[in-house]
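K.L.:
All letters in the sequence shown, in the order written, are residues 509 to 900 by the numbering used here. Using N, Cα and C, we set each Cβ at its ideal position, and we do this for glycine too. Since we're looking at a predicted model, the values are computed, not measured. Below you will find the structure I want to go over with you.
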Amino acid sequence: MQSIPTTPKTGFIKLPAAIILSKEGVDFFTKAGKPTKRVVGREGTPQEGLKAEGFVAPTLQKLIMNSYVDEVYLAEPALLPLRSEIISTNNLIVYAILYRKLSPTLATKIIDTPVFKEFNRKNPKYAVWDLQALALDKAQKLLEHKRDTLERIQNEMELAIKERLQAMDLEEEDKQSRIRATSKFIRWADARVWYLYLIVFNTSLRNEIERAFVEIFLQYLENTQIATHLSNLLMEFVQNAEKAHFERIIFRHNYAPREEIDRFLRNRTNRQLVIDTARKDKQFLEISWLLKANKSSYGKTYRLGVVVSNYGLISETTRSRLAAKLKTNTEGIALADFYKESSDQDRLGAGLGLLYNSYLEDLCRKKGIKYFCNIFPEPKTERTTVFVEIQF
509 MQSIPTTPKT
519 GFIKLPAAII
529 LSKEGVDFFT
539 KAGKPTKRVV
549 GREGTPQEGL
559 KAEGFVAPTL
569 QKLIMNSYVD
579 EVYLAEPALL
589 PLRSEIISTN
599 NLIVYAILYR
609 KLSPTLATKI
619 IDTPVFKEFN
629 RKNPKYAVWD
639 LQALALDKAQ
649 KLLEHKRDTL
659 ERIQNEMELA
669 IKERLQAMDL
679 EEEDKQSRIR
689 ATSKFIRWAD
699 ARVWYLYLIV
709 FNTSLRNEIE
719 RAFVEIFLQY
729 LENTQIATHL
739 SNLLMEFVQN
749 AEKAHFERII
759 FRHNYAPREE
769 IDRFLRNRTN
779 RQLVIDTARK
789 DKQFLEISWL
799 LKANKSSYGK
809 TYRLGVVVSN
819 YGLISETTRS
829 RLAAKLKTNT
839 EGIALADFYK
849 ESSDQDRLGA
859 GLGLLYNSYL
869 EDLCRKKGIK
879 YFCNIFPEPK
889 TERTTVFVEI
899 QF
């Protein structure tokens, strides 16, 4: 496993989320002599994990890449004030999965070539048939010895990728986002990938593998759109959940008539009253990023589940109607059109901004990535939950 960086406060995200560790994560912290805490996730069962005022983004990414995290869980009386922190957390989790899936893809591209198969046949003592079979420390020693060569290779590859990106017909924001991410995608690839690369560097395979790596990196940089669309969709769900959450509290405590709720909430003092009441009543909005199912063999399918939940039940009729809207073709429909919900007591906040769902669904279909989104009531806990699952 790769070591976990301990740089303090670098890329610090101030989000008081509980990080539920996997068995492998608990073992890692135990062996490293690092303390853990008993924390609860969405299921409410105390488990070993971490909890603080926030976390260092690169550290959490490394933990996820090494399958040390089962869940990242946040429960707060209000979520919109944490908008930027939630988006940053969602992005780093998706990127961590992409980083982890990238290395086996790159390694397979080399291992499956005739030149490398011939190398394995002639060098059975040093043969590599699978990335996991190659010792990480052995790869790191070679890379340390060849540091200058590797740096030159990575710099040249980064330049080639950025030149390709500059020439692409992309929205400028998307283009610059991919350009900024290029260096990290290259340098966070597993050391064993670059060990394999150096084996073929001075062979006839060199140019072919360089071109193949550039194409793979470009494909994964394109996949970062998943993080962007998922973050937008997630914040739509958060906004809807918070509105329904506040309406329920205001109605139950008789703070304002139902028809005056929107006006009541526009007052900062009133809004703080509702938040304080939610905290006192322990009525929290929840977000959970579920990685527990992400235990497949290295380089295969990785599952990410994202859950947004709020107190208050919707009826089965409303659930079915919203589920149908999730499947609706949104082409040519303005986002505002999805904010026209009825005034029924079981409505889900301000409606669903489903253009983001459409974008995400279309992108995943194009990439051959399984995508699922649904909304359902949980009568036992009197909650309404939106669940998104992406199988990378």
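Whole angstroms are fine: how far does the CA of His753 sit from the CA of Gln791?
P.N.:
What you label residue 791 is simply residue 283 of the sequence shown in a count that begins at 1. What you label residue 753 is simply residue 245 of the sequence shown in a count that begins at 1. Rounded to the nearest angstrom, the two C-alpha atoms are 8 Å apart.
K.L.:
Do you know how far the Cα of Leu863 is from the Cα of Gly813?
P.N.:
In the sequence shown, counting from the first residue as 1, residue 813 sits at position 305. In the sequence shown, counting from the first residue as 1, residue 863 sits at position 355. Distance between the alpha carbons of Gly813 and Leu863 is about 20 Å.
K.L.:
From what residue to what residue does the beta strand (DSSP E) around Ser817 run?
P.N.:
As a first step, residue 817 is located in the sequence shown; it is residue number 309 there, counting from the start. Note, Ser817: beta strand (DSSP E), Arg811 to Tyr819.
K.L.:
From the DSSP output, read off the bridge partner residues of Ala526.
P.N.:
Numbered from its first residue, the sequence shown carries residue 526 at position 18. BP columns for Ala526 point to Lys559 and Tyr581.
K.L.:
Using a 10 Å radius around the Cβ and a threshold of 16 neighbouring Cβ atoms, would you call Asn818 buried or exposed?
P.N.:
Taking the first residue of the sequence shown as 1, we reach residue 818 at position 310. When all chains shown are included, Asn818 counts as buried.
K.L.:
Please report the distance separating the alpha-carbon of Glu886 from that of Asp789.
P.N.:
Position 378 of the sequence shown, counted from the start, is the residue given in the question as residue 886. Position 281 of the sequence shown, counted from the start, is the residue given in the question as residue 789. C-alpha separation (whole angstroms): 19 Å.
K.L.:
Just the Cα atoms here: how many angstroms apart are Leu558 and Arg714?
P.N.:
Position 50 of the sequence shown, counted from the first residue, corresponds to residue 558. Position 206 of the sequence shown, counted from the first residue, corresponds to residue 714. If I take the Cα positions, the gap works out to 44 Å.
K.L.:
Going by beta carbon distance, what residues of the same chain come within less than 7 Å of Thr544, once the five residues before and after it are set aside?
P.N.:
Start at 1 with the first residue of the sequence shown, and residue 544 comes out as number 36. Leu529, Val534, Phe537, Glu556, Gly557 and Leu558.
K.L.:
On a Cα-Cα basis, can you pick out the residue from Asn778, Ile734, Met743 and Lys888 that is closest to Ile758?
P.N.:
Position 250 of the sequence shown, counting from 1, holds the residue named residue 758. Measuring from the Cα of Ile758, the nearest candidate turns out to be Asn778.
K.L.:
For Ile661, which residues from the same chain have a beta carbon less than 6 Å from its beta carbon, with the 5 sequence-adjacent residues on both sides left out?
P.N.:
As a working mapping, residue 661 is identified with position 153 in the sequence shown. Nothing listed; no residue qualifies.
K.L.:
Round the Cβ separation of Phe624 and Val708 to the nearest angstrom and send it over; I've been treating them as touching at under 8 Å.
P.N.:
The sequence position of residue 624 within the sequence shown is 116, counting from 1. The sequence position of residue 708 within the sequence shown is 200, counting from 1. Yes, they are in contact, since the Cβ atoms of Phe624 and Val708 sit about 6 Å apart, within 8 Å.
K.L.:
Just how far apart, CA to CA, sit Leu588 and Val580?
P.N.:
One-based indexing of the sequence shown puts residue 588 at position 80. One-based indexing of the sequence shown puts residue 580 at position 72. The straight-line gap from Cα to Cα measures roughly 18 Å.
K.L.:
What does the alpha-carbon distance come out to for the pair Thr809 and His761?
P.N.:
Within the sequence shown, the letter at position 301 stands for residue 809. Within the sequence shown, the letter at position 253 stands for residue 761. C-alpha separation (whole angstroms): 47 Å.
K.L.:
Could you compute how far the alpha carbon of Leu988 sits from the alpha carbon of Pro632?
P.N.:
The requested residue 988 does not occur in the structure, where the chain is confined to residues 509 to 900.
K.L.:
Between the stretch 639-656 and the stretch 679-695, do three or more beta carbon pairs fall short of 8 Å?
P.N.:
No, the stretch 639-656 does not touch the stretch 679-695.
K.L.:
Where DSSP assigns a beta bridge to Pro554, which residues make up the other side?
P.N.:
On the sequence shown, position 46 is the one that residue 554 refers to. Answer is Val548.
K.L.:
With distances taken from CA atoms, which of Leu571, Leu667, Gly541 and Ala526 is nearest Gly552?
P.N.:
Here residue 552 refers to the residue found at position 44 of the sequence shown. Per the Cα distances, Ala526.
K.L.:
Where does Lys617 land, buried or exposed, given buried means 16+ other C-beta within 10 angstroms?
P.N.:
On the sequence shown, residue 617 is found 109 positions in, with the first residue counted as 1. Lys617 is buried by the Cβ-count criterion.
K.L.:
Give me the residue from Asp698, Ile795, Glu755 and Arg719 with the minimum Cα distance to Phe895.
P.N.:
Here residue 895 refers to the residue found at position 387 when the sequence shown is read from its first residue. With distances taken between Cα atoms, Phe895 lies closest to Ile795.
K.L.:
With DSSP collapsed to three states, give me the class of Phe884.
P.N.:
In the sequence shown, residue 884 corresponds to position 376, counting from 1. The answer is strand: DSSP assigns Phe884 an E or B state.
K.L.:
Let me know the secondary structure DSSP gives Leu798 once reduced to three states.
P.N.:
Start at 1 with the first residue of the sequence shown, and residue 798 comes out as number 290. Strand, per DSSP.
K.L.:
For a minimum of 4 consecutive residues, which ranges assigned as the alpha helix (DSSP H) are wholly contained in the stretch 734-786?
P.N.:
Here the runs fully enclosed are 769-773.
K.L.:
CB-CB under 8 Å to Glu584, same chain, minus the five flanking residues each way: which ones, in chain order?
P.N.:
Reading the sequence shown from its first residue, position 76 is the one you call residue 584. Here the set comprises Pro524, Leu590, Phe792 and Leu793.
K.L.:
Between Phe578 and Gln899, what straight-line distance do the alpha-carbon atoms span, to the nearest angstrom?
P.N.:
Here residue 578 refers to the residue found at position 70 of the sequence shown. Here residue 899 refers to the residue found at position 391 of the sequence shown. According to the sequence displayed, residue 578 carries Asp and not Phe. Near 15 Å, if we compare the C-alpha coordinates of Gln899 and Asp578.
K.L.:
Under 7 Å, do Phe725 and Ile669 count as touching if we go by C-beta distance?
P.N.:
The residue given as residue 725 occupies position 217 in the sequence shown. The residue given as residue 669 occupies position 161 in the sequence shown. Yes, the Cβ-Cβ distance between Phe725 and Ile669 is below 7 Å.
K.L.:
What's the call for Gly840, buried or exposed, on a 16-neighbour Cβ count within 10 Å?
P.N.:
For this step, residue 840 is matched to residue 332 along the sequence shown. Model confidence at Gly840 stands at a pLDDT of 46, short of 50, so the residue's coordinates are unreliable and nothing is read from them.
K.L.:
Who are the near neighbours of Ile717 in its chain, counting only those whose CB is closer than 8 Å to its CB and skipping five residues on each side?
P.N.:
On the sequence shown, residue 717 is found 209 positions in, with the first residue counted as 1. If we look at Ile717 and ignore the five residues flanking it on each side, its Cβ neighbours are Lys617, Ile618, Thr621, Tyr705 and Val708.
K.L.:
Restricting to Cα atoms, I'd like to know which of Arg891, Lys875 and Ala764 is closest to Gly820.
P.N.:
In the sequence shown, the residue the question calls residue 820 occupies position 312. It is Arg891.
K.L.:
Compare the beta carbon distance of Trp696 and Tyr603 with 7 Å and say whether it is the shorter of the two.
P.N.:
If you number the sequence shown from 1, residue 696 lands on position 188. If you number the sequence shown from 1, residue 603 lands on position 95. Against a cut-off of 7 Å, the Cβ pair of Tyr603 and Trp696 comes out as no contact.
K.L.:
Buried or exposed for Tyr634, going by 16 or more other Cβ atoms inside 10 Å?
P.N.:
For the purposes of this step, residue 634 is taken as the residue at position 126 of the sequence shown. Looking at its Cβ environment, which holds fewer than 16 other Cβ atoms inside 10 Å, Tyr634 is exposed.
K.L.:
Write down the C-beta distance between Ser739 and Asn598 rounded to the nearest angstrom, noting that I regard them as a contact closer than 8 Å.
P.N.:
Residue 739 sits at position 231 when you count from the first residue of the sequence shown. Residue 598 sits at position 90 when you count from the first residue of the sequence shown. Right, their Cβ atoms sit about 5 Å apart.
K.L.:
Which term fits Pro765, buried or exposed, when burial requires 16 or more other beta carbons within 10 angstroms of its beta carbon?
P.N.:
Within the sequence shown, residue 765 is the residue found at index 257, counting from 1. Under this definition Pro765 is an exposed residue.
K.L.:
Closest to Lys875 by CA distance: which of Tyr763, Asp677 and Leu729 is it?
P.N.:
Stepping through the sequence shown from its first residue, residue 875 is reached at position 367. Answer by Cα proximity: Leu729.
K.L.:
Please report how far the alpha carbon of Ser805 lies from the alpha carbon of Gln569, in whole angstroms.
P.N.:
In the sequence shown, the residue the question calls residue 805 occupies position 297. In the sequence shown, the residue the question calls residue 569 occupies position 61. With a pLDDT of 44 at Ser805, under the threshold of 50, the modelled position of that residue is not reliable, and the figure given next carries that caveat. Approximately 19 Å between the Cα atoms of the pair.
K.L.:
Which full runs of the beta strand (DSSP E) of 3+ residues lie inside the stretch 562-617, going along the chain?
P.N.:
Runs found: 577-584.
K.L.:
Quick test of your reading: Val746 and Ile594, contact by CB under 8 Å. State the CB separation rounded to the nearest angstrom.
P.N.:
Within the sequence shown, numbered from 1, the residue matching residue 746 stands at position 238. Within the sequence shown, numbered from 1, the residue matching residue 594 stands at position 86. That belief holds up - the Cβ atoms of Val746 and Ile594 are roughly 7 Å apart, short of 8 Å.
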